[in-house]
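K.L.:
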Amino acid sequence: MNAIYLDHNATTPVSIEVVEAMLPYFTQHYGNAASKTHAFGWIAEQAVSDAQLKVAQLIHAEKDEIIFTSGATESINMAIKGLAATYGSNKNHIVSCVTEHAAVLDTLHVLSRQGFTVTLLEVDRLGAVDLEALERSITKNTLMVCMMHANNETGTIHPIAAIAAICKAHDTLFFCDATQSAGKLTIDVKEDPIDLLCLSAHKMYGPKGIGALYIKTKRPKLNVQALIDGGGHQRGLRAGTLNVPGIVGFGKAAAIAQEQLWEDGVKISKLRTILEQQLTLLPDVFINGDIKNRLFNTSNLCFKQHQAADLIKGLKNIAVSNGSACASAIASASHVLLAMGLSKEEAQSSIRFSFGRTNTMEEVNQVISTISKLYQA
Ligand SMILES: *Cc1c(COP(=O)(O)O)cnc(C)c1O
Numbered sequence: 054m055n056a057i058y059l060d061h062n063a064t065t066p067v068s069i070e071v072v073e074a075m076l077p078y079f080t081q082h083y084g085n086a087a088s089k090t091h092a093f094g095w096i097a098e099q100a101v102s103d104a105q106l107k108v109a110q111l112i113h114a115e116k117d118e119i120i121f122t123s124g125a126t127e128s129i130n131m132a133i134k135g136l137a138a139t140y141g142s143n144k145n146h147i148v149s150c151v152t153e154h155a156a157v158l159d160t161l162h163v164l165s166r167q168g169f170t171v172t173l174l175e176v177d178r179l180g181a182v183d184l185e186a187l188e189r190s191i192t193k194n195t196l197m198v199c200m201m202h203a204n205n206e207t208g209t210i211h212p213i214a215a216i217a218a219i220c221k222a223h224d225t226l227f228f229c230d231a232t233q234s235a236g237k238l239t240i241d242v243k244e245d246p247i248d249l250l251c252l253s254a255h256k257m258y259g260p261k262g263i264g265a266l267y268i269k270t271k272r273p274k275l276n277v278q279a280l281i282d283g284g285g286h287q288r289g290l291r292a293g294t295l296n297v298p299g300i301v302g303f304g305k306a307a308a309i310a311q312e313q314l315w316e317d318g319v320k321i322s323k324l325r326t327i328l329e330q331q332l333t334l335l336p337d338v339f340i341n342g343d344i345k346n347r348l349f350n351t352s353n354l355c356f357k358q359h360q361a362a363d364l365i366k367g368l369k370n371i372a373v374s375n376g377s378a379c380a381s382a383i384a385s386a387s388h389v390l391l392a393m394g395l396s397k398e399e400a401q402s403s404i405r406f407s408f409g410r411t412n413t414m415e416e417v418n419q420v421i422s423t424i425s426k427l428y429q430a
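My numbering applies: residue 54 is where the sequence shown begins, and numbers increase by one.
(1) Could you round the C-beta distance between A156 and A125 to whole angstroms and report it? I think they count as a contact, below 8 angstroms.
(2) From G84 to M200, what distance separates their C-alpha atoms?
(3) By alpha-carbon positions, which one of A400, S422 and Q429 ends up nearest to Q330?
(4) Can you list, in chain order, the residues of its chain with a C-beta nearer than 8 angstroms to that of A292? Leave out the 5 residues immediately preceding and following it.
(5) How is T207 classed by DSSP in three states: helix, strand or coil?
(6) Less than 8 angstroms between the beta carbons of T294 and D117, yes or no?
(7) Using DSSP with H/G/I as helix, E/B as strand and the rest coil, what is N62?
(8) Tell me whether the stretch 126-136 and the stretch 239-255 touch, counting them as touching only if at least three CB pairs, one residue from each stretch, are closer than 8 angstroms.
(9) Indicate, with yes or no, if ligand 1 has a heavy atom lying under 7 angstroms from the CB of S352.
(10) Does at least one heavy atom of ligand 1 sit under 7 angstroms from the Cβ of S149?
(11) Could you have a look at G264 and say whether DSSP puts it in helix, strand or coil?
(12) Run the proximity test for Q99: is its beta-carbon closer than 7 angstroms to any non-hydrogen atom belonging to ligand 1?
(13) In the stretch 223-287, which residue ranges form an unbroken beta strand (DSSP E) of at least 3 residues, counting only runs that do not cross its ends?
(14) Can you tell me whether S190 sits near ligand 1, meaning its C-beta is under 7 angstroms from at least one heavy atom of the ligand?
(15) Under a Cβ-count criterion, where at least 16 other Cβ atoms within 10 Å of its own Cβ denotes burial, should K274 be classed as buried or exposed?
(16) When you compare each of A254, G409 and K243 to S123 by their alpha carbons, which one comes out closest?
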């Protein structure tokens, strides 16, 4: 298959080193990490502990602050519902933002039906939140602020250090969805006081079905209620036999991401720059998002003269997306782009190109020539 994959914000290929690190844990070291009575269990437990440390290091957390889950969606549910269950009777207001991922918005919607008040902050044309509006929205009843680090559709980066400082000053908790930024931006949950943060392995060249939730353990120790009960694994916070190969793969992916962060950024942003320089020469093509403050791999372009769905059909073997993967089952305009003030037509004429480590300049040139031809047709 001679396909070009430009949809890395939906998911990434698993890197060979990650697969190799995982393999022994299927057939050789297949013990249950909770088995205390034999070496199979001890080996698995040690592997989990090593991976936990690597994931923690990627965000500058402590090892014990990392809980493994089935992915960012579960981590998001656990963070929001888990805090709401523990502290919701005193504080029943949550602040978030209109451009969050569906996993956050849908979870908040469930809580709002249970009596929580949810404030969703608007964004400007670049996808940025107004920090003064954030500050004004926080009341004595505000349990938490849920704000993503980088947007999956446009790459726009929220100023999480400033958001964390505001939350701290107003004595409210800060939960950050860092699923897109992890491995692309430096994250330091201690320097920027973040209380909870979620990650997903498959967005950073690790396997699908494994994610993590960082929960601060000190000053204050947070009490998050478990979503999944049974057996007391992971300090009672998330029961169920650990996915040891997945966890090992996640640890390896996190270590590689940390090592290669700079290198990836330099290489991948060059590809994006060429793509945007060439495609914005076409009539009525513009960039969505904050070009000064964006993930290095993401390009969201509006092709005003065309419907994105038509262009995508013409792209044939080039994998891109309109809207996020989760929403593409439903043919509607992106909620993120609409929130940024694009018209429905403009939103439906926009395509996300998200680059990754294995993309090449030849591929970029092929994408440029294919789209240019569609314009001449
Ligand atoms: C992909 C993604 C998620 C969901 O992650 P899963 O691990 O697939 O559940 C959540 N938030 C953002 C910003 C994402 O990009």
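For each residue, glycine too, the CB sits at the ideal point set by N, CA and C.
Quick caveat, the model's predicted, so the values are computed rather than measured.
P.N.:
Let's see:
(1) For this step, residue 156 is matched to residue 103 along the sequence shown. For this step, residue 125 is matched to residue 72 along the sequence shown. Contact between A156 and A125 holds, since their C-beta atoms are separated by about 7 angstroms, short of 8 angstroms.
(2) Counting from one through the sequence shown, the residue named residue 84 turns up at place 31. Counting from one through the sequence shown, the residue named residue 200 turns up at place 147. G84 and M200 have their alpha carbons spaced roughly 38 angstroms apart.
(3) Reading the sequence shown from its first residue, position 277 is the one you call residue 330. Nearest in C-alpha terms to Q330, of all of A400, S422 and Q429, is S422.
(4) As a first step, residue 292 is located in the sequence shown; it is residue number 239 there, counting from the start. Once the five neighbours on either side are set aside, the close Cβ partners of A292 are A279, I281, D282, G283, G284, G285 and H286.
(5) For this step, residue 207 is matched to residue 154 along the sequence shown. If DSSP states are grouped into helix, strand and coil, T207 belongs with coil.
(6) In the sequence shown, the residue the question calls residue 294 occupies position 241. In the sequence shown, the residue the question calls residue 117 occupies position 64. For T294 and D117, no; Cβs fall outside 8 angstroms.
(7) For this step, residue 62 is matched to residue 9 along the sequence shown. Note: N62 maps to coil in three-state DSSP.
(8) Contact between the stretch 126-136 and the stretch 239-255 is present, because at least three Cβ pairs lie under 8 angstroms.
(9) In the sequence shown, counting from the first residue as 1, residue 352 sits at position 299. Distances between the C-beta of S352 and the heavy atoms of ligand 1 are all 7 angstroms or more.
(10) Counting from one through the sequence shown, the residue named residue 149 turns up at place 96. Because no heavy atom of ligand 1 lies under 7 angstroms away, the Cβ of S149 does not count as near it: no.
(11) As a position in the sequence shown, residue 264 is number 211, starting the count at 1. Three-state DSSP puts G264 in a strand.
(12) Residue 99 sits at position 46 when you count from the first residue of the sequence shown. Not one heavy atom of ligand 1 sits closer than 7 angstroms to the Cβ of Q99.
(13) Within the stretch 223-287, the complete beta strand (DSSP E) segments at least 3 residues long are 226-230, 249-253 and 264-268, listed from N- to C-terminus.
(14) Taking the sequence shown and counting its residues from 1, the one referred to as residue 190 is at position 137. It does not: the Cβ of S190 is nowhere closer than 7 angstroms to a heavy atom of ligand 1.
(15) The residue labelled residue 274 in the question sits at position 221 within the sequence shown. Exposed is the call here.
(16) Residue 123 sits at position 70 when you count from the first residue of the sequence shown. Scanning A254, G409 and K243 for the CA closest to the CA of S123 turns up A254.
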